[in-house]
Amino acid sequence: MPLHETGTFQTSNASKYLQQLCKHFAHKIDVEYDETSARMALPTGPATLSASGEALRAEISAESDEGLERARGIIDKHLERFAFREGFEKMAWSAA
């Protein structure tokens, strides 16, 4: 049975970061997105992103704890590149 986690990053630039992540990931994996939502096929399992005026939210799924850790790392590492001006380090992750 898949494991799930949700990550949140409080930012007024959520839509911008969602689109940047998706454009970047689309070079390697299947991604569908618009300005406020995204679905992607990470190597570890499916992920969805949603952007509001206050936050970027990620929901990830994987078959193992190691898969969740890898998915968190993929999203956090890439988001760190785009949100460095805001001092981003990692999303606030919790079990879904």
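Residue numbers (my numbering): -18 to 77.
For glycine and all other residues, C-beta sits at the position ideal for the given N, C-alpha and C.
Item                                                                                                                        : Value
Whole-number beta carbon distance between Leu(-16) and Ser42, since they are thought to touch under 8 Å                     : 7 Å
Any 3 or more C-beta pairs closer than 8 Å across the segment 5 to 17 and the segment 45 to 53                              : no
Cβ pair Arg91, Thr(-13) closer than 9 Å                                                                                     : A query on residue 91 cannot be resolved here, the shown segment of the chain reaching from -18 to 77 and no further.
Candidates Leu30, Gly26, Thr(-11), of which the one nearest Asp15 by Cα                                                     : Leu30
Rounded separation between Leu2 and Ile56 - CA only                                                                         : 8 Å
Beta-carbon separation (whole angstroms), Phe65 vs Tyr(-2), contact threshold 8 Å                                           : Not confirmed; about 11 Å, so no contact.
For Ser54, three-class secondary structure by DSSP                                                                          : Correcting the residue identity first, residue 54 is Gly in this sequence and not Ser. It is helical.
Beta-carbon contacts of Ser75 that lie in its chain and below 7 Å, excluding the five residues immediately before and after : Glu(-14), Thr(-13)
Opening and closing residue of the alpha helix (DSSP H) in which Ala(-5) lies                                               : -5 to 6
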